[in-house]
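Number of protein chains: 2
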Amino acid sequence: MLDNIIDQVSSLIRLNEEEKTYFASKLQVRQFLRKEFVLREGQVCRYAYFVNAGCLRYFYNVEGVENTGQFFFENAWYTDYESYLLEKPSKQNIETLEKSELVLLSKQDLWQLYEDIPQFEKFGRIMAENAFLGLRARNEMLTNQTAEERYLQLMRERPKVMERIPQHYIASYLGIKPPSLSRIRKRILNSK
Amino acid sequence: MLDNIIDQVSSLIRLNEEEKTYFASKLQVRQFLRKEFVLREGQVCRYAYFVNAGCLRYFYNVEGVENTGQFFFENAWYTDYESYLLEKPSKQNIETLEKSELVLLSKQDLWQLYEDIPQFEKFGRIMAENAFLGLRARNEMLTNQTAEERYLQLMRERPKVMERIPQHYIASYLGIKPPSLSRIRKRILNSK
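So this is what it looks like as structure tokens:
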């Protein structure tokens, strides 16, 4: 059950068997149903979540409208990194979009790993870099791309989103209403 | 000339004298005039910049308008982290707003430090975390605060900006035009 996460971490840093066992001792595996909340806004995000199976999305509730930030599939990590680092209430909601198995790593345990196995600092650096790059890419998309450009990029780069995510969440991720997404899809189909 | 940067890094990770000397050997000190470009959009941002003296701002050029992202003063680091990490052309401009002394650390040298002095991974992690948190705070400000709230927060939290940065750059940072900033300042003054 922990093979995927240990493989993923081992692809970034070298761990011997003893260190792998110690790392594994810090992890909790939890099962979630489809459409179950992993984090609700107002809660402190106490865990980094590794997707062993299934799919996560995070979203903001803005005056009753859900603004979807991102989707995460097998072997991806997600946490509201700001809430996790600063231990302050999150503005995000994280939920499963499929029946999911998540591996949880608390901040306290990650900080302990930094102390006990210094290579984990490299893991932490790469995680933080990726969090930064993900946020930057999201900003970039929302600032500089039309909805149609966003959708075409999604088609090119994120086949799992196209295959597994319902259209109304994709619309929410693109920052548009479902009917606009239908129009974009029709236009793309007709132009082929 | 390198005392500040070595002190700053030593406040995050423990370095012995030999390691400090090795770190120092990777640094370049450069003098800049006021209003000199440190990075122009389209260039790859090859260095992380530590402000030894003076002040930096970064901005985006959006259809002839300068959108100011942030200001950095003594003992702060800045780099276009996305361009630095991915070695792709930057969309940002970085310039000095005062005569400045900057200490430059190239990506290649930082990666060498990660290899040779593994504690630097912790430094890298904290830098990446701070880059993430800075971007998140900026997003938050632009999304959820009125211009007046932004200005009041700046007054409370960033005295150096209020003292050293000309008003038109502050307006640009707040995402408003200079006359709007004048009105906000008048309103705040009258409400005291």
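So the protein lines, in turn, are chains A and B.
Take the first sequence: its letter number 23 is residue 23 in my numbering, and every next letter is one higher.
Take the second sequence: its letter number 109 is residue 1109 in my numbering, and every next letter is one higher.
Idealized CB from N, CA, C, for every residue including glycine.
None of the values given here were measured: they were computed from a predicted structure.
> Counting Cβ pairs, one atom from each stretch, are 3 or more of them under 8 Å apart for the segment 1157-1170 of chain B and the segment 1178-1185 of chain B?
Replying inline: yes
> Is T79 of chain A buried or exposed, if buried means 16 or more other CB atoms sit within 10 Å of its CB?
Replying inline: Counted from its first residue, the first sequence places residue 79 of chain A at position 79. Buried, by the Cβ-count rule.
>> Threshold first: 4 residues or longer. Then list the alpha helix (DSSP H) segments lying entirely within the segment 1-85 of chain A, N to C.
In response: 3-10 and 17-25
> Are at least three pairs of beta-carbons, each pair with one atom in the segment 58-73 of chain A and one in the segment 7-18 of chain A, less than 8 Å apart?
Replying inline: no
> Considering E1101 of chain B, what are the terminal residues of the beta strand (DSSP E) in which it resides?
Replying inline: Numbered from its first residue, the second sequence carries residue 1101 of chain B at position 101. Note, E1101 of chain B: beta strand (DSSP E), S1100 to S1106.
>> I'd like the span of the beta strand (DSSP E) that includes Q1119 of chain B, first residue to last.
In response: The residue given as residue 1119 of chain B occupies position 119 in the second sequence. From DSSP, Q1119 of chain B is part of no beta strand (DSSP E); its letter is neither H nor E.
> Between the C-alpha atoms of M1127 of chain B and Y1047 of chain B, what's the straight-line distance to the nearest angstrom?
Replying inline: For the purposes of this step, residue 1127 of chain B is taken as residue 127 along the second sequence, with counting starting at 1. For the purposes of this step, residue 1047 of chain B is taken as residue 47 along the second sequence, with counting starting at 1. For M1127 of chain B and Y1047 of chain B, the distance between alpha carbons rounds to 14 Å.
> Are the C-beta of K122 of chain A and some C-beta of chain B separated by less than 8 Å?
Replying inline: Sequence index remark: in the first sequence, residue 122 of chain A carries index 122 (1-based). True, the Cβ-Cβ gap to chain B drops below 8 Å.
>> Just checking: is the beta-carbon of R125 of chain A within a distance shorter than 8 Å of some beta-carbon in chain B?
In response: Looking up residue 125 of chain A in the first sequence gives position 125. Judged by the 8 Å Cβ criterion, R125 of chain A is in contact with chain B.
> So is R1057 of chain B in contact with chain A if we call contact Cβ pairs under 8 Å?
Replying inline: Counted from its first residue, the second sequence places residue 1057 of chain B at position 57. So, not an interface residue.
>> Given this structure, state the Cα-to-Cα distance separating L1104 of chain B from K186 of chain A, to the nearest angstrom.
In response: Counting from one through the second sequence, the residue named residue 1104 of chain B turns up at place 104. Counting from one through the first sequence, the residue named residue 186 of chain A turns up at place 186. Looking at the two C-alpha atoms, the distance is approximately 51 Å.
> chain A partners of A1131 of chain B, CB-CB under 7 Å?
Replying inline: Walking along the second sequence from the start, residue 1131 of chain B turns up at place 131. Residues of chain A passing the Cβ test: F132.
> Of all Cβ atoms in chain A, is any one closer than 8 Å to the Cβ of R1136 of chain B?
Replying inline: Position 136 of the second sequence, counted from the start, is the residue given in the question as residue 1136 of chain B. With 8 Å as the cut-off, R1136 of chain B counts as an interface residue toward chain A.
> Should N139 of chain A be flagged as near chain D, meaning a C-beta pair shorter than 8 Å?
Replying inline: Looking at the structure shown, chain D is missing, and the protein chains on hand are A and B.
> Based on the DSSP secondary-structure assignment, which residues constitute the bridge partners of Q1184 of chain B?
Replying inline: The residue you call residue 1184 of chain B lines up with position 184 of the second sequence. One point to set straight first is that residue 1184 of chain B is Ile, not Gln, in the sequence displayed. Beta-bridge pairing links I1184 of chain B to no other residue.
> Do you know offhand how far C1045 of chain B's Cα is from N1052 of chain B's?
Replying inline: Position 45 of the second sequence, counted from the start, is the residue given in the question as residue 1045 of chain B. Position 52 of the second sequence, counted from the start, is the residue given in the question as residue 1052 of chain B. When rounded, the distance between both Cα atoms is 19 Å.
>> Strictly below 9 Å CB to CB, what residues from chain A border L1085 of chain B?
In response: Walking along the second sequence from the start, residue 1085 of chain B turns up at place 85. Residues of chain A passing the Cβ test: E129, F132 and L133.
> Which full runs of the alpha helix (DSSP H) of 4+ residues lie inside the segment 139-174 of chain A, going along the chain?
Replying inline: 147-157, 159-164 and 167-174
> Using a C-beta to C-beta distance shorter than 8 Å, which residues of chain B count as neighbours of E179 of chain A?
Replying inline: Indexing the first sequence from 1 puts residue 179 of chain A at position 179. According to the sequence displayed, residue 179 of chain A carries Pro and not Glu. Simply none; closest approach about 25 Å.
>> So P1118 of chain B contacts chain A; which residues on that side make the cut at Cβ distance below 9 Å?
In response: Position 118 of the second sequence, counted from the start, is the residue given in the question as residue 1118 of chain B. Correct list: P118, Q119, E121 and K122.
> Over what stretch of residues does the beta strand (DSSP E) that includes E95 of chain A continue unbroken?
Replying inline: As a working note, residue 95 of chain A is residue 95 in the first sequence. Here the beta strand (DSSP E) through E95 of chain A covers Q92 to T96.
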